[in-house]
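See structure below.
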Amino acid sequence: MTGPVIRRAGPEDAAALAMIGAATFLESYAHMIRLADMLQHVAAKSGAEAYRAFAADAGCALWIAELPSTATPVGYAVLTPPDLPIETDDGDIELRRIYLLSKWQGGGLGRRLIEASVAHARAAGKRRFLIGVYSGNDGAIGFYRRMGCDLVGRRRFQVGDAVFDDLIFGMGL
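In our numbering, the protein residues as written are 4 to 176.
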């Protein structure tokens, strides 16, 4: 079996992005978020229309990690203008989403998705790379620190009744 390949995603990938977005959100948060809240959040934030909107925005860039033999997605990343409760400017860009199915974590695929995002940000003239992460996700926090990110802020993230404390990391480009 050949490993996943990463490519830029466009509006034609919206259904696949919605599928992997919902699958990875469920896998990541099923133990913390009630079903009704999960369904509402995924419908509002991870439906095909949400990914079409990201793809149509010139300030955004999307990547999909997929298996070449089946074109089935196993992960993705979305780079956007920042939407964070910290001071930002035009030189900042946010990695709004990066998710992989757990089977594909730990093998370098996440690093490759971030490297593709960072390369794009640099080519676009951005000076700071930002990413938010759930404060209880020690693996991701360690990963972002190893990538060179430092803590620059905090935010609260709510899905239904569940409230999460997120950390915001930044890295100079």
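No residue lacks a Cβ here, since even glycine has one placed at the ideal position from N, Cα and C. This one's a predicted model, so the numbers in the text were calculated from it and none came from an experiment.
Beta-bridge pairing of residue i - partner residues as DSSP gives them
i, result
"I101", "A80"
"A64", "L82"
"D153", "G173"
"G135", "I171"
"R159", "D168"
"E69", "V8, P76"
Rounded Cβ spacing between residue i and residue j (contact assumed at less than 8 Å)
i, j, result
"T5", "L103", "That belief does not hold up - the Cβ atoms of T5 and L103 are roughly 17 Å apart, past 8 Å."
"R100", "A124", "Contact doesn't hold; Cβ gap of about 15 Å is too wide."
"I9", "A119", "6 Å"
"A51", "A21", "4 Å"
Limits of the unbroken alpha helix (DSSP H) element including residue i
i, result
"G142", "141-149"
"L112", "112-126"
"L42", "38-48"
Coarse secondary structure for residue i, derived from DSSP in three states
i, result
"G24", "helix"
"E30", "helix"
"L176", "coil"
"R180", "For the chain, the structure presents residues 4 to 176; residue 180 sits outside this window and is missing."
"A74", "coil"
"D3", "In the structure displayed, the chain extends from 4 to 176; residue 3 sits before or after that span and is not available."
"E90", "coil"
Endpoints, beta strand (DSSP E) assigned at residue i
i, result
"I9", "8-12"
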